[in-house]
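Chemist: The structure is given below, and queries will be raised subsequently.
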Amino acid sequence: MPETHAKAHRTVSRVTDILETVAQRPGVRMHELATALDAPKSSVFGLVKGLVSSGYLIEDQGLYQLGPALGNLLPLPAPDVAAAAGPGLEALRDAFDETAMVGIAVGDSLVYLAAAESRQLIRYSAPIRTRRPLYPPSAGKVVLAFRSPRRRDAYLETAITDQQELGSARDELATVRSEGVAFNRGETLPDVSAAARPILTNGEVRGVIAVAGPTARITPRLPEIADALSGATAEAAKRLGLQR
678 MPETHAKAHR TVSRVTDILE TVAQRPGVRM HELATALDAP KSSVFGLVKG LVSSGYLIED
738 QGLYQLGPAL GNLLPLPAPD VAAAAGPGLE ALRDAFDETA MVGIAVGDSL VYLAAAESRQ
798 LIRYSAPIRT RRPLYPPSAG KVVLAFRSPR RRDAYLETAI TDQQELGSAR DELATVRSEG
858 VAFNRGETLP DVSAAARPIL TNGEVRGVIA VAGPTARITP RLPEIADALS GATAEAAKRL
918 GLQR
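One point on numbering: in our numbering, the residue at position 201 of the sequence shown is 878, and numbering is uninterrupted.
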């Protein structure tokens with residue numbers, strides 16, 4: 678089947694946002710959901726009641742939690758990307774004393790699953806299990822670089838409006854795919870820079886490992902970090918293979 682790029686649908690987005698909000702904040706109330714979604718309470722009410730009736734949410738005295746029906750959507754346990762990357766994250770953190778993290782693509786978002794944080798007072802603190810854009814974070818660039826050109830371009834065209842910047846992004850992602858490493862030199866936050874590489878098994882990106890830190894401190898070490906990421910991602914890929 679041809680690969681297509683799904684556009685956001687407001688109702689679907691609200692349903693997924695409700696489920697993700699409840700997952701992050703068990704025991705949330707209706708008005709809190711409406712506030713979190715920035716949506717009218719009347720609109721959220723109907724969706725929440727539908728999720729309760731179908732078992733995807735449980736309501737207890739006005740508090741909402743995830744319901745048992747979600748278990749029906751889960752496949753057999755998959756190889757644990759976070760566990761496979763864990764030793765590599767700690768080794769990278771110990772080697773550079775910067776924050777190392779592993780992430781995956783969730784639709785058109787990047788989600789970090791785990792991190793080994795720098796022990797330095799001033800450091801990058803990775804937002805765990807929170808959706809982030811695929812561009813321009815270094816880990817997101819890796820995800821985009823290994824997608825099909827159609828899906829990659831569909832995302833970029835929604836994220837970047839300037840045609841010159843769009844062309845530069847395409848060229849950059851072509852280089853990322855060729856060289857297997859992506860950099861973010863203060864593009865997301867001026868004070869934070871990073872490098873990332875994919876965890877590849879049979880040509881499939883199973884996850885991404887990145888190292889990030891204060892721009893002034895980490896920039897001179899990015900080439901060295903990029904080399905170290907090669908070993909960490911290769912070891913994670915081996916562990917994923919053993920988990921099959």
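C-beta atoms are modelled at their ideal positions from N, C-alpha and C, and glycine is treated no differently.
Every value quoted in this text rests on a predicted model; they were computed, and no experiment measured them.
Classify residue 718: buried if its beta carbon has 16 or more other beta carbons within 10 angstroms, exposed otherwise.
Modeler: Along the sequence shown, one-based indexing puts residue 718 at 41. When all chains shown are included, residue 718 counts as exposed.
Chemist: Given a cut-off of 8 Å, decide if residue 821 and residue 850 are closer than it, judged by their beta-carbon atoms.
Modeler: Translated into positions along the sequence shown, residue 850 becomes position 173. Translated into positions along the sequence shown, residue 821 becomes position 144. Contact flag set, yes.
Chemist: What separation, rounded to the nearest whole angstrom, lies between the Cα atoms of residue 882 and residue 832?
Modeler: Numbered from its first residue, the sequence shown carries residue 882 at position 205. Numbered from its first residue, the sequence shown carries residue 832 at position 155. In this structure, the CA atom of residue 882 is about 17 Å from the CA atom of residue 832.
Chemist: Identify every run of the beta strand (DSSP E) within the region 843-873, keeping only runs that are complete inside it and at least 3 residues long; order them along the chain.
Modeler: 859-862
Chemist: Taking the alpha-carbon of residue 705 as reference, which of 728, 740, 691, 817 has the nearest alpha-carbon?
Modeler: Counting from 1 along the sequence shown, the entry for residue 705 is found at position 28. Of the listed residues, the one whose Cα sits closest to residue 705 is 740.
Chemist: Tell me, please, whether the region 763-777 touches the region 905-917 by the rule of three or more beta-carbon pairs shorter than 8 Å.
Modeler: yes
Chemist: State the Cα-Cα distance for the pair residue 839 and residue 785, rounded to the nearest angstrom.
Modeler: As a working note, residue 839 is residue 162 in the sequence shown. As a working note, residue 785 is residue 108 in the sequence shown. Residue 839 and residue 785 have their alpha carbons spaced roughly 20 Å apart.
Chemist: For residue 794 versus residue 889, is the C-beta distance shorter than 8 Å?
Modeler: By one-based count along the sequence shown, residue 794 stands at place 117. By one-based count along the sequence shown, residue 889 stands at place 212. Their beta carbons are not under 8 Å apart, which means residue 794 does not touch residue 889 by this criterion.
Chemist: Residue 805: buried (16+ other C-beta within 10 angstroms of its C-beta) or exposed?
Modeler: Position 128 of the sequence shown, counting from 1, holds the residue named residue 805. Counting Cβ neighbours within 10 Å, residue 805 comes out exposed, since fewer than 16 surround it.
Chemist: Could you work out which residue in 695, 814, 911 is closest to residue 863 when comparing CA atoms only?
Modeler: Numbered from 1 along the sequence shown, position 186 holds the residue referred to as residue 863. Taking only the C-alpha atoms, the option nearest residue 863 is 814.
Chemist: Kindly give me the distance between the Cβ atoms of residue 875 and residue 885, rounded to whole angstroms, as I take these residues to be in contact under 8 Å.
Modeler: Start at 1 with the first residue of the sequence shown, and residue 875 comes out as number 198. Start at 1 with the first residue of the sequence shown, and residue 885 comes out as number 208. About 5 Å separates the two Cβ atoms, so the contact holds.
Chemist: In angstroms with no decimal places, state the Cα-to-Cα distance between residue 842 and residue 848.
Modeler: The residue you call residue 842 lines up with position 165 of the sequence shown. The residue you call residue 848 lines up with position 171 of the sequence shown. Residue 842 and residue 848 have their C-alpha atoms spaced approximately 10 Å apart.
Chemist: Using a Cβ-Cβ cut-off of 8 Å (strictly less than) and excluding sequence neighbours within five positions of residue 695, which residues of its own chain qualify?
Modeler: Within the sequence shown, numbered from 1, the residue matching residue 695 stands at position 18. Excluding positions up to five away in sequence, the list reads 710, 714, 721, 724, 725, 728, 734.
Chemist: By the DSSP assignment, the beta strand (DSSP E) with residue 885 in it spans what residues?
Modeler: Taking the sequence shown and counting its residues from 1, the one referred to as residue 885 is at position 208. From DSSP, the beta strand (DSSP E) with residue 885 extends over 881-891.
Chemist: What number of angstroms, rounded off, separates the C-alpha of residue 871 from the C-alpha of residue 707?
Modeler: Locating residue 871 in the sequence shown gives position 194, where the first residue counts as 1. Locating residue 707 in the sequence shown gives position 30, where the first residue counts as 1. One C-alpha to the other measures close to 39 Å.
Chemist: Curious, which full-length beta strand (DSSP E) runs of at least 3 residues does the region 688-762 contain?
Modeler: 734-737, 740-743
Chemist: Going residue by residue through the region 769-840, where are the continuous alpha helix (DSSP H) segments of at least 4 residues, counting only ones entirely within it?
Modeler: 815-822, 826-836
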